[in-house]
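The structure appears right after this line, and notes come after that.
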Amino acid sequence: MQEKEGRKWWRNFAEDSISSILVPLLAVLTAVVIGGLVIALSGGNPFFAYAGLFEGAFGSQKALSETAVWATPYIFAGLAVALAFKGGLFNIGAEGQLAFGAVAGALIGYALPDWVGHDIPATLHVPLAVGAGVLAGTLWAAIPGMLKAYTGGHEVINTIMMNYIALNMTSFLLNGPMQDPVLTSVSSRTPPIAESAYIPQIFDGLRVHWGFVLALIMAVLVWLVLWKTTLGFEIRTVGSNPDAAKYAGINVKRTIILTMAFSGALAGLAGAIEVTGLNHRHELGFSIGYGFDAIAIALLGKTHPLGVVLAAFLFAAMRNGATRMQFLTQIPVDIISVIQALILVFIAADAIIRFIYRIRIKGERVVLTRGWGG
Amino acid sequence: MMVGREVILKVEKNIAKPGDEILRVENLKVRDTRGLETVRGINFHVRAGEILGIAGVQGNGQTELVEALTGLRSMVGGKMWFSGKDMTGRPPRPITETGMAHIPEDRQRHGLVLPYPVADNMILNTYYKRPYGVWGWMMPEAIDRNARKLIDDFDVRTPSPYVPVKKLSGGNQQKVIVARELSRGIKLLIANQPTRGLDVGSIEYIHKEIVAMRDRGIGVLLVSAELDEIMALSDRIAVMYRGQIVTTVDAAKVTREQLGLWMAGAHPEE
Chain A
-4 MQEKEGRKWW
6 RNFAEDSISS
16 ILVPLLAVLT
26 AVVIGGLVIA
36 LSGGNPFFAY
46 AGLFEGAFGS
56 QKALSETAVW
66 ATPYIFAGLA
76 VALAFKGGLF
86 NIGAEGQLAF
96 GAVAGALIGY
106 ALPDWVGHDI
116 PATLHVPLAV
126 GAGVLAGTLW
136 AAIPGMLKAY
146 TGGHEVINTI
156 MMNYIALNMT
166 SFLLNGPMQD
176 PVLTSVSSRT
186 PPIAESAYIP
196 QIFDGLRVHW
206 GFVLALIMAV
216 LVWLVLWKTT
226 LGFEIRTVGS
236 NPDAAKYAGI
246 NVKRTIILTM
256 AFSGALAGLA
266 GAIEVTGLNH
276 RHELGFSIGY
286 GFDAIAIALL
296 GKTHPLGVVL
306 AAFLFAAMRN
316 GATRMQFLTQ
326 IPVDIISVIQ
336 ALILVFIAAD
346 AIIRFIYRIR
356 IKGERVVLTR
366 GWGG
Chain B
1281 MMVGREVILK
1291 VEKNIAKPGD
1301 EILRVENLKV
1311 RDTRGLETVR
1321 GINFHVRAGE
1331 ILGIAGVQGN
1341 GQTELVEALT
1351 GLRSMVGGKM
1361 WFSGKDMTGR
1371 PPRPITETGM
1381 AHIPEDRQRH
1391 GLVLPYPVAD
1401 NMILNTYYKR
1411 PYGVWGWMMP
1421 EAIDRNARKL
1431 IDDFDVRTPS
1441 PYVPVKKLSG
1451 GNQQKVIVAR
1461 ELSRGIKLLI
1471 ANQPTRGLDV
1481 GSIEYIHKEI
1491 VAMRDRGIGV
1501 LLVSAELDEI
1511 MALSDRIAVM
1521 YRGQIVTTVD
1531 AAKVTREQLG
1541 LWMAGAHPEE
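Here the protein sequences come in this chain order: A and B.
Under our numbering, the residue at position 13 of the first sequence is numbered 8, and the numbers go up by one with no gaps.
Just add 1280 to wherever you are in the second sequence, counting from 1, and you've got our numbering.
Quick look at the structure:
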């Protein structure tokens, strides 16, 4: 019998692995170069700008701490989107799930002591507040999961629509039933949460909190679940080939709902951790964009938990360092959004990168979404 | 076929010693994806240790029939007993667990997860059971052992158990499926177009395996549009035309020409 594979299997394997990191790396590099050109064209010095960016992101203990603070919600939300991708689902709804996670976390954070009539120990209050956020995200994401499983309604459309509902509901709650009675210039926000619901900081004087460590632990957990458990096998099989999954006896509908629920749980966690670890209340507008950046992070990280952590750090460093860059070089922080958008373009249309750098097509292509009822 | 000569599919086999009935289907009705009833009231049975071939031009309801029997497609009417149990309308998992093996018609769509390594494809429908899954955890050693054994036993040509199955040739992909399905403790094998598009070597190999299964007392339901394949392997032949079985005959007492006429819609008369 004639064999097609002339080359050694380990060479194929090595090339696949390199190629799966190569494209994201080159996408970032290319975006940075083009971003530099944009800076130069607008009269700035790109080298000073990037030096400022780097200093702002990593230049001091405080800078490092702030980068980790930025990275925390990015990791959670990036994992949420990446997990859904592995199950063949494009969860654009992380933003809304995150918002409801933050609302639920804040509600339990400030209102629970009043409801029970006395103080609650932190060992109980923190898990309850965070758990409420997880539950809210889970339920909110399970709805488009059920719609997909039982009616074939496409999750992309439904999660976008659910975002509108969630964000406007949040706006209503923060301006109405959950509004802080102490009115300041910022009116759309909840009362501060009780100190018993605070996630403690890791170091005195730095804002980085234990939620960051939890984010890293979650990345390991997601990896374990996806690649070491039968549940992960089911999720990945449904994601790779739903027909073969059915043949294998996997309950495809149940797996789709579970995948969305897990994804929503991670997004809800992102919101609840921001409230309990950092802001200590929910304020309208604080989370705008985390859920959408998470899509870029999941794609840049090739939907792998380790890749998500690295991509989250990159985005966090850019967001954090941008202020310092603007301060030092007067280049507006918006250039960061340009660079991040370019990265996403190069990842989504990786043919551009493969063409520029003459990379032959190897490895898995990320399947963004299947057609209706797919 | 591109071998420069007429390939004669002669399969060495002894006379079947059929045992008890393993599969019985009564008045089965199935609709296709468009909603048309393409299986219109079918009755047949398969006994242990025999090969029942279903002959027919493609598109006469064979695909829907097999999908219904394996739980992939819902039935509109009728009954199905497998291994003495009423399995009408059950999903794939309990049917598989009762001892049905299925070599699907579209191997890349139903039979394999192409980006998965060979080893994972070899446990595609047993991944959750011991020794591969223990308390919800995958057991890489057991999966590895199984893969190496099956690659050896079924002569799968692959550089490693961890190569994505999509990198194998069509014949070796089919062998991965055959190895997985035949290595479980099974009572009935449903093989739908098991050799379509394969090279001669793989065809001969798979034919030998199917006959070997029959000789071990396993019932085989063979669906094929290849008249030669049906003639070479079957003990009894049922001819399917427009969603119905027009006749069932002893394979030794029928000619190729006669079968061809029935498949084209000629009415069988004594």
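Positions of the beta carbon are idealized from the N, C-alpha and C atoms, including for glycine.
Quick caveat: nothing in here was measured; it's all calculated off a predicted structure.
Between which two residues does the beta strand (DSSP E) containing residue i stretch?
i, result
"Gly1333 (chain B)", "1331 to 1335"
"Tyr1407 (chain B)", "Looking at the DSSP string, Tyr1407 (chain B) is not in any beta strand (DSSP E), and its letter there is neither H nor E."
"Thr1318 (chain B)", "1317 to 1327"
"Lys1309 (chain B)", "1301 to 1311"
"Tyr1521 (chain B)", "1516 to 1521"
"Val1423 (chain B)", "The amino acid at residue 1423 (chain B) is misidentified as Val; the sequence shows Ile. Counting along the chain, Ile1423 (chain B) falls outside any beta strand (DSSP E), though it belongs to the alpha helix (DSSP H) covering 1420 to 1433."
"His1382 (chain B)", "1380 to 1383"
"Val1356 (chain B)", "1355 to 1362"
"Ala1546 (chain B)", "Looking at the DSSP string, Ala1546 (chain B) is not in any beta strand (DSSP E), and its letter there is neither H nor E."
Can you pull the chain B neighbours of residue i, defined as C-beta to C-beta under 9 Å?
i, result
"Leu221 (chain A)", "Within 9 Å Cβ-Cβ: nothing; Leu221 (chain A) doesn't reach chain B, min ~11 Å."
"Ser235 (chain A)", "Val1393, Leu1394, Pro1395, Tyr1396"
Counting only beta-carbon atoms, is residue i nearer than 7 Å to chain A?
i, result
"Val1346 (chain B)", "no"
"Gly1413 (chain B)", "yes"
"Met1281 (chain B)", "For Met1281 (chain B), the predicted structure reports a pLDDT of 45, less than 50, and the residue's modelled location is therefore unreliable. A value from the coordinates is still provided. False, the Cβ-Cβ gap to chain A never drops below 7 Å."
"Tyr1485 (chain B)", "no"
"Asn1340 (chain B)", "no"
"Tyr1521 (chain B)", "no"
"Thr1376 (chain B)", "yes"
"Arg1373 (chain B)", "yes"
"Ala1532 (chain B)", "no"
Please name the residue in the options whose C-alpha comes closest to that of residue i.
i, options, result
"Glu1307 (chain B)", "B:Glu1292, B:Leu1345, B:Glu1330, B:Gly1329", "According to the sequence displayed, residue 1307 (chain B) carries Asn and not Glu. It is B:Leu1345."
"Asn163 (chain A)", "A:Ala289, A:Tyr352, A:Ile283", "A:Ile283"
"Ile34 (chain A)", "A:Gly147, A:Val340, A:Ile326, A:Leu279", "A:Ile326"
"Glu1292 (chain B)", "B:Ala1399, B:Asn1405, B:Asp1495", "B:Asp1495"
"Leu309 (chain A)", "A:Leu142, A:Ala131, A:Ala291", "A:Ala291"
"Asp1366 (chain B)", "B:Arg1373, B:Leu1303, B:Gly1333", "B:Leu1303"
"Arg276 (chain A)", "A:Pro300, A:Tyr145, A:Met173", "A:Met173"
"Ile1517 (chain B)", "B:Asp1530, B:Ala1505, B:Val1393, B:Val1526", "B:Asp1530"
"Ala1335 (chain B)", "B:Ala1532, B:Ala1546, B:Tyr1521, B:Pro1548", "B:Tyr1521"
"Thr165 (chain A)", "A:Ser332, A:Gly104, A:Leu279, A:Asp109", "A:Leu279"
"Ala214 (chain A)", "A:Ile16, A:Lys57, A:Ala26, A:Ala66", "A:Ala66"
"Phe1324 (chain B)", "B:Val1305, B:Thr1313, B:Ile1486, B:Arg1314", "B:Val1305"
"Asp1400 (chain B)", "B:His1382, B:Leu1430, B:Glu1377, B:Gly1299", "B:Leu1430"
"Asp1508 (chain B)", "B:Lys1455, B:His1487, B:Ala1544, B:Val1526", "B:His1487"
"Glu1489 (chain B)", "B:Asp1424, B:Thr1368, B:Ile1457", "B:Ile1457"
"Pro1397 (chain B)", "A:Asp329, A:Arg249, A:Arg231, A:Gly30", "A:Arg231"
At a CB-CB cut-off below 7 Å, which residues of chain A make contact with residue i?
i, result
"His1390 (chain B)", "Asp238, Ala239, Tyr242"
"Met1418 (chain B)", "Lys223, Thr224, Thr225, Phe228"
"Leu1352 (chain B)", "Lys241, Tyr242"
"Pro1384 (chain B)", "Tyr242"
So the alpha helix (DSSP H) residue i belongs to, where does it begin and stop?
i, result
"Thr324 (chain A)", "300 to 324"
"Asp1530 (chain B)", "Element bounds for Asp1530 (chain B): not the alpha helix (DSSP H) but the beta strand (DSSP E), 1524 to 1530."
"Thr133 (chain A)", "117 to 146"
"Ala1471 (chain B)", "Premise fails: Ala1471 (chain B) lies in the beta strand (DSSP E), 1468 to 1472, not in any alpha helix (DSSP H)."
"Val217 (chain A)", "205 to 223"
"Val340 (chain A)", "329 to 343"
What in chain A is Cβ-close to residue i, meaning under 9 Å?
i, result
"Gly1545 (chain B)", "Simply none; closest approach about 32 Å."
"Met1355 (chain B)", "Within 9 Å Cβ-Cβ: nothing; Met1355 (chain B) doesn't reach chain A, min ~16 Å."
"Arg1464 (chain B)", "Within 9 Å Cβ-Cβ: nothing; Arg1464 (chain B) doesn't reach chain A, min ~12 Å."
"Leu1332 (chain B)", "The contacting residues do not exist; Leu1332 (chain B) stays about 22 Å from chain A at best."
"Pro1474 (chain B)", "Those within 9 Å of Pro1474 (chain B) in chain A number zero; the least Cβ separation is about 15 Å."
Is the Cβ of residue i closer than 7 Å to any Cβ of chain B?
i, result
"Thr232 (chain A)", "yes"
"Ile354 (chain A)", "no"
"Gly366 (chain A)", "Here the model assigns Gly366 (chain A) a pLDDT of 49, short of 50, so the residue's position is not dependable, and the following value carries that caveat. No, no contact with chain B."
"Met(-4) (chain A)", "Because Met(-4) (chain A) carries a pLDDT of 36, less than 50, the predicted location of this residue cannot be relied on, and the following value inherits that uncertainty. Yes - at least one Cβ of chain B is within 7 Å of the one on Met(-4) (chain A)."
Under 8 Å Cβ-Cβ, which residues of chain A neighbour residue i?
i, result
"Asn1405 (chain B)", "Tyr242, Ala243, Gly244"
Discussion item. With three or more beta-carbon pairs closer than 8 Å as the criterion, would you say the segment 1348 to 1359 of chain B touches the segment 1430 to 1443 of chain B?
Written reply: A contact between stretches requires three or more CB pairs, one per stretch, nearer than 8 Å, and the segment 1348 to 1359 of chain B fails this requirement with the segment 1430 to 1443 of chain B.
Item to complete: Count the CB pairs spanning the segment 1409 to 1420 of chain B and the segment 1481 to 1495 of chain B that are closer than 8 Å, and state whether there are at least three.
Response: Under the Cβ criterion (8 Å, minimum of three pairs), the segment 1409 to 1420 of chain B does not count as touching the segment 1481 to 1495 of chain B.
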